[in-house]
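Numbering (this note's numbering), first residue to last: 420 to 605.
Shown next as structure tokens:
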């Protein structure tokens, strides 16, 4: 009986080590071009609230003029909306921990939301349908670079997650993101 318990504890410990702290995002410091296998522009459609993802006046780009750290950051600016999605990541049911830096410049929200833009974690079921989302860090106004940290746990129906960086519909202005990190702790 003691041997079985030791084996079970060993397996649990191994699973914790295999997922805990592993970085899930590539190029979260936005030091390089946005590689299509890691980051994708959402070019049409709308979200669960009927909010459009893109307009002809939206811009998402690597910005070397105002990074929080390193050589560059991600800049989202427009007369909304604009959206960038990270690659689809498998979700193992654990706690997701996101950290990063964000700032904004004259970012005015549209009429439907109190914030102009920000970062969301979006959960998908096994068929690829959005079933849950969390607003990780939203922002409006003008703010210097600030650190943020958030912990998110999705329900059992979620099998995949994506990071969405968005300027919401009818918002105008700019915000920047840098040093974005996402880990899952099981």
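Backbone N, C-alpha and C define an ideal beta-carbon position, used for all residues, glycine too.
Bear in mind the structure is a predicted one, so any value in this text is a computation, not a measurement.
Residues bridged to residue 562 (per DSSP)
The residue labelled residue 562 in the question sits at position 143 within the chain shown. DSSP lists 523 as partners of residue 562.
Of the listed residues 520, 566, 560, 581, nearest to residue 548 (C-alpha basis):
Within the chain shown, residue 548 is the residue found at index 129, counting from 1. Nearest to residue 548 by alpha-carbon distance, out of 520, 566, 560, 581, is 581.
Contact defined as beta carbons within less than 8 Å: I believe residue 500 pairs with residue 474. What is the distance between those atoms, to the nearest angstrom?
As a working note, residue 500 is residue 81 in the chain shown. As a working note, residue 474 is residue 55 in the chain shown. Here residue 500 really is in contact with residue 474; their C-beta atoms are around 6 Å apart, less than 8 Å.
With which residues is residue 514 paired in a DSSP beta bridge?
On the chain shown, residue 514 is found 95 positions in, with the first residue counted as 1. Per DSSP, 572, 604.
Is the beta carbon of residue 453 less than 9 Å from the beta carbon of residue 464?
The residue labelled residue 453 in the question sits at position 34 within the chain shown. The residue labelled residue 464 in the question sits at position 45 within the chain shown. By the CB criterion at 9 Å, residue 453 and residue 464 fall outside the cutoff.
Bounding residues of the beta strand (DSSP E) (the contiguous stretch that carries residue 539):
Here residue 539 refers to the residue found at position 120 when the chain shown is read from its first residue. Secondary structure note for residue 539: its beta strand (DSSP E) is the uninterrupted segment 536-543.
Residues near residue 570 by beta carbon distance below 6 Å, same chain, minus five either side:
Counting from one through the chain shown, the residue named residue 570 turns up at place 151. Hits under 6 Å: 514, 516.
Would you call the CB atoms of residue 553 and residue 532 closer than 9 Å?
The count along the chain shown starts at 1 and reaches residue 553 at position 134. The count along the chain shown starts at 1 and reaches residue 532 at position 113. No, the Cβ-Cβ distance between residue 553 and residue 532 is not below 9 Å.
In three-state terms, what does DSSP make of residue 476?
Position 57 of the chain shown, counted from the first residue, corresponds to residue 476. Residue 476: coil per DSSP, three-state reduction.
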